[in-house]
Structure formats: structure tokens, C-alpha cells
Amino acid sequence: MAVTDNFGRRATLARSLRLLSKFRYEQTDPARFYGVLAADTAAMVSDLWVAVHGEGPAGRTLLDVGGGPGYFAAAFADAGVHYIGVEPDPDEIHSARTSFEHQVGMLVRGSGMALPFADNSVDICLSSNVAEHVPRPWQLGAEMLRVTKPGGLAVLSYTVWLGPFGGHEMGLTHYLGGARAAARYARKHGHPAKNNYGSSLFAVSAAEGLTWAASTGAVVAAFPRYHPRWAWWLASVPVLREFLVSNLVLVLQPR
Numbered sequence: 001m002a003v004t005d006n007f008g009r010r011a012t013l014a015r016s017l018r019l020l021s022k023f024r025y026e027q028t029d030p031a032r033f034y035g036v037l038a039a040d041t042a043a044m045v046s047d048l049w050v051a052v053h054g055e056g057p058a059g060r061t062l063l064d065v066g067g068g069p070g071y072f073a074a075a076f077a078d079a080g081v082h083y084i085g086v087e088p089d090p091d092e093i094h095s096a097r098t099s100f101e102h103q104v105g106m107l108v109r110g111s112g113m114a115l116p117f118a119d120n121s122v123d124i125c126l127s128s129n130v131a132e133h134v135p136r137p138w139q140l141g142a143e144m145l146r147v148t149k150p151g152g153l154a155v156l157s158y159t160v161w162l163g164p165f166g167g168h169e170m171g172l173t174h175y176l177g178g179a180r181a182a183a184r185y186a187r188k189h190g191h192p193a194k195n196n197y198g199s200s201l202f203a204v205s206a207a208e209g210l211t212w213a214a215s216t217g218a219v220v221a222a223f224p225r226y227h228p229r230w231a232w233w234l235a236s237v238p239v240l241r242e243f244l245v246s247n248l249v250l251v252l253q254p255r
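Residues in the sequence shown are numbered consecutively from 1, following full-length UniProt numbering.
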């Protein structure tokens, strides 16, 4: 059975439309958007784990790199997974208190570029939409592989720059160029974008991710995160995938 078979059955057009309908709340009501995304992500990771190990991930330890205020914690706790979030921003950690008040997981301050965990210490390492926010995304990927146990899973998902959501809140102006889009946003709103090109947002391509994953010798799957299964072929087409694969998932299994 392919690693993606279980999740592929879940990846329907109805799911894609449901997630897209919630995306408009990311800035105005993040809990509403990320609550739905968290449940979907926990289901995706569980499906991938079952495909590899033949049983669910209950009782396993998951490290969420760039976990922010902990939106994913409750979803993974519901799946019986021991959740640990890593977040470098103290403001995000402070806002996470309500997410962790019922002890659904733990949150550690640290950088994904140098994870404060020992080698081979977690069963699953997840990074959801973080790689495009760091200047050296594949250093982040290498750290994820380092802390993941042999036979475990590292799941790295990121927004492709040339896709329609590559500019984040800058919208489609990123097609004018990242620096111009950032300057235009600042002029219009009177302040830099939260996801500001060159400081907290970087151009990461699908080709770069696929090349890095292949170089590790650990990649077992790569697919568009939000597309229905019948559109996953887009990830295999150079150039086209840069514009039509809005988010790429790389699944790796350390040996």
C-alpha cells in the first residue's frame, strides 16, 4: 500500500472546498480557520502513520515545529498523540495559555533551525506552513529529520511562493515581486505585513523542496496538501506545479 493511500481517499473535492471556505477567516478569526485545519492535519498525519505502521499513532509523541499558539494541540490530543509544540515567538507562546490550560500538550520556546531536542527523540515531527517563514528552510528540514526516530515520520508542509497564496496577506501582489509587494502593502496599511517578504516570508519553490527531499534518501511521498486526490499529478509537472500546487507536503521516513 502506498503511504498516501489512506489520506488519498480522504482528499476529496468537498474537503478542498471546505478548507478553502475557511481560509478567508485566517486573518480575522484565526481560531475558526486553524481549528478546522488542525483537525484536517491530525487526520492527515494519522492516515500517513497507519499506512506505514498498520496502526494509529495513539501513544506516540509528535513534535510540532512552529506550533504557534497551539491550535493543533487539542486535535492531536483527541487522536491520543502526545503533543509537543516548539515556537520561537514569546508573544505566540503567551497567547497559547488557553490552548494548554487543560494539559493537552506542552509548548517549548525554541527555533526550528536548531531544535532543542536530542537525536531520534520523537516519533513524528510536523512542520505546517513554517518553511516559507525561515531563511534556510532545508536546515529546518534537516533538524526535523535529526530528531525523528528511525521508522518515524517527518511531515513538512509549506506554501509554494508562486502559488496563489504565496504572498499570504499581501495577496496576489507577490507576482509583482516580493520586495515590491511588501512595499506596496506597507504604503497601503501604514505598517509592514505580518508575513513580510525578506524578514518573515521567503520565496520557496516546489522544485527546491522536492530536490532537497530526494537528497535525503528518506522521502516516501510528496503531494499537494489541499488538492483533491485526482489533482495530485500536478506536483510531478515542472513549472506548472509552481503555480498550481499551493501547498506541498513532503513525507520523510528516517532509516
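No residue lacks a Cβ here, since even glycine has one placed at the ideal position from N, Cα and C.
For residue i, which residues from the same chain have a beta carbon less than 7 Å from its beta carbon, with the 5 sequence-adjacent residues on both sides left out?
i    : result
K22  : R32, F33 and V36
H102 : Reliability of the predicted coordinates at H102 is poor, the pLDDT of 49 falling under 50, and no value is obtained from them.
Q139 : M113
S212 : Note that residue 212 corresponds to Trp in the displayed sequence, not to Ser. These residues qualify, in order along the chain: W138 and G141.
H189 : none
R229 : G8 and A11
Name the residue from the options whose alpha carbon lies nearest to the alpha carbon of residue i.
i    : options                   : result
A222 : G198, F243 and Q253       : Q253
G59  : G70, Y83 and A74          : Y83
Y226 : T41, D29 and L240         : T41
L115 : P88, M106, N129 and D123  : P88
G163 : P224, A75 and E26         : P224
E242 : W161, E55 and Y25         : W161
A11  : G85, M44 and A214         : M44
G70  : A38, H168, A231 and L240  : A38
R255 : V52, D29, S46 and T4      : V52
S205 : V237, S199 and K194       : V237
G198 : L126, A2 and A182         : A182
M170 : K149, P150, A231 and L201 : L201
E26  : K194, G56 and I124        : K194
V108 : F72, A2 and D64           : D64
Under three-state DSSP, which class holds residue i?
i    : result
H227 : coil
G152 : strand
E132 : helix
G163 : coil
S127 : strand
S246 : coil
G66  : coil
A58  : coil
P221 : The sequence given here has Ala at residue 221, not Pro. Three-state DSSP puts A221 in a strand.
A193 : coil
S199 : coil
M170 : helix
S16  : helix
L234 : helix
L252 : strand
Identify the continuous alpha helix (DSSP H) that holds residue i and give its terminal residues.
i    : result
T211 : A206 to T216
G141 : P137 to V147
R24  : Neither: R24 is in no alpha helix (DSSP H) and is coded neither H nor E.
L82  : Note on residue identity: the sequence assigns His, not Leu, to residue 82. Counting along the chain, H82 falls outside any alpha helix (DSSP H), though it belongs to the beta strand (DSSP E) covering H82 to E87.
M44  : P30 to H53
D78  : Y71 to D78
Am I right that residue i and residue j are in contact with their C-beta atoms under 8 Å? What's the rounded C-beta distance?
i    : j    : result
V134 : G112 : 7 Å
Y158 : V130 : 7 Å
L62  : V81  : 5 Å
V245 : L234 : 5 Å
G178 : A203 : 6 Å
In chain order, what residues of the same chain lie with their CB nearer than 6 Å to the CB of residue i, ignoring the 5 residues before and after it?
i    : result
P192 : A186
Residue range of the beta strand (DSSP E) that residue i falls in?
i    : result
R10  : Premise fails: R10 lies in the alpha helix (DSSP H), D5 to R10, not in any beta strand (DSSP E).
V108 : M106 to R109
Against chain B, does residue i count as a neighbour if the rule is that its beta carbon must be under 8 Å from one of theirs?
i    : result
S200 : In the displayed structure, chain B is absent; only one protein chain is listed.
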